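Numbering (the numbering used here), first residue to last: 4 to 228. Think of the CB as a built atom: it goes at the ideal place given N, C-alpha and C, for glycine as much as any other residue. If you're wondering where the values come from, they're calculated on a predicted model, not measured in any experiment.
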Ligand code: NAD
């Protein structure tokens, strides 16, 4: 992959799959703008990528806040002049529980974070992506198509991301912008660690996650990036 001279935005880029995307795109020569809510982690990764010869710029942004997503996109164009790729990665998997134990407000909040944030980021970035004939990558999940135990709200957001990406790809073909979604299986990230730490038998939970993969192990963040 050669991204020299190109600009990529990664949401939720401070750790996990997003960090993998930041590293892989910076290694391919891209100027990478990445965001998250935690400034310290963001500045640390910015420094590491820069020390390795890459270009990465951290912006503090909560993707569930429309105004902050707008500022992320506008700030990227003000700084680097263009956008070639938007990776909508930020998202969260709440702890597993049956539907009885989620509230409708829990679901609304997760929709804002996992799904509506992508709509907003796409809408803001598309005027620039149409100019560069760029592309959008939305982070969905395998469970969006196969389901998952005690994860109704999360699975619903991920199924919707895949469907949203298909519809947007049809519209944007006329502008030469490609839209794809990626549906990873299990990737070992802080989010997965959070799930393991919350389970009664940590070793068993992690082993089950590894065993569910055909390779017999979880993917790495670089493989996902
Ligand atoms: P993670 O929790 O390890 O990392 C998430 C990143 O998003 C972090 O940088 C975090 O700071 C950021 N983030 C969270 N909320 C945010 C907000 N409101 N605004 C801005 N940034 C925010 O998660 P991960 O495992 O790397 O998952 C990343 C994406 O991949 C998610 O959308 C997740 O649903 C999806 N996914 C993960 C797996 C997996 O096995 N890890 C599998 C399928 C899909």
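Run of the beta strand (DSSP E) containing residue i, from where it starts to where it stops
i, result
"residue 218", "No beta strand (DSSP E) contains residue 218, which DSSP labels as neither H nor E."
"residue 59", "58-63"
"residue 39", "34-39"
"residue 192", "Unbroken run through residue 192: none, as it is neither H nor E."
"residue 13", "10-14"
First and last residue of the uninterrupted alpha helix (DSSP H) at residue i
i, result
"residue 24", "19-30"
"residue 74", "69-83"
"residue 86", "Segment: none, residue 86 is in no alpha helix (DSSP H) and carries neither H nor E."
"residue 224", "224-227"
"residue 100", "First-last for residue 100: undefined, no H or E at that position."
"residue 54", "42-54"
"residue 210", "205-214"
Expected contact under 8 Å - CB spacing of residue i and residue j to nearest Å
i, j, result
"residue 164", "residue 148", "Actually they are not in contact, since the Cβ atoms of residue 164 and residue 148 sit about 11 Å apart, beyond 8 Å."
"residue 88", "residue 9", "7 Å"
"residue 190", "residue 90", "Going by Cβ atoms, the distance from residue 190 to residue 90 rounds to 14 Å, so no, they are not a contact pair."
"residue 180", "residue 141", "At roughly 13 Å, the Cβ-Cβ gap does not stay under 8 Å, so residue 180 and residue 141 are not in contact."
"residue 178", "residue 99", "Not a contact, Cβ separation roughly 40 Å."
"residue 76", "residue 124", "7 Å"
"residue 213", "residue 220", "5 Å"
"residue 228", "residue 24", "4 Å"
Residue i versus residue j: straight-line alpha-carbon distance, rounded
i, j, result
"residue 29", "residue 103", "44 Å"
"residue 60", "residue 54", "13 Å"
"residue 209", "residue 144", "18 Å"
"residue 133", "residue 34", "18 Å"
"residue 85", "residue 22", "21 Å"
"residue 67", "residue 166", "20 Å"
"residue 48", "residue 38", "11 Å"
"residue 135", "residue 202", "46 Å"
"residue 5", "residue 27", "11 Å"
"residue 82", "residue 171", "27 Å"
"residue 58", "residue 101", "43 Å"
"residue 64", "residue 128", "15 Å"
"residue 15", "residue 122", "15 Å"
"residue 240", "residue 204", "Outside the displayed span of the chain (4 to 228) sits residue 240, for which this structure offers no information."
"residue 211", "residue 71", "38 Å"
"residue 175", "residue 79", "21 Å"
"residue 198", "residue 62", "27 Å"
"residue 130", "residue 36", "17 Å"
"residue 106", "residue 218", "36 Å"
Nonlocal neighbours in the same chain, by C-beta distance under 8 Å from residue i, ignoring five residues either side
i, result
"residue 113", "95, 97, 156, 157, 160"
"residue 222", "187, 188, 189, 190, 191, 216"
"residue 119", "67"
"residue 231", "It is not possible to answer for residue 231, since the shown part of the chain is limited to 4 through 228."
Cβ shell of residue i (< 6 Å), same chain only, five flanking positions each side left out
i, result
"residue 7", "32"
"residue 115", "67"
7 Å CB neighbourhood of residue i in its chain, flanking five on each side removed
i, result
"residue 19", "192, 193, 194, 224"
"residue 41", "17"
Checklist entry - Which residue spans inside the region 103-183 form an unbroken alpha helix (DSSP H) run of at least 4? => result 107-113, 120-135, 146-149, 155-175
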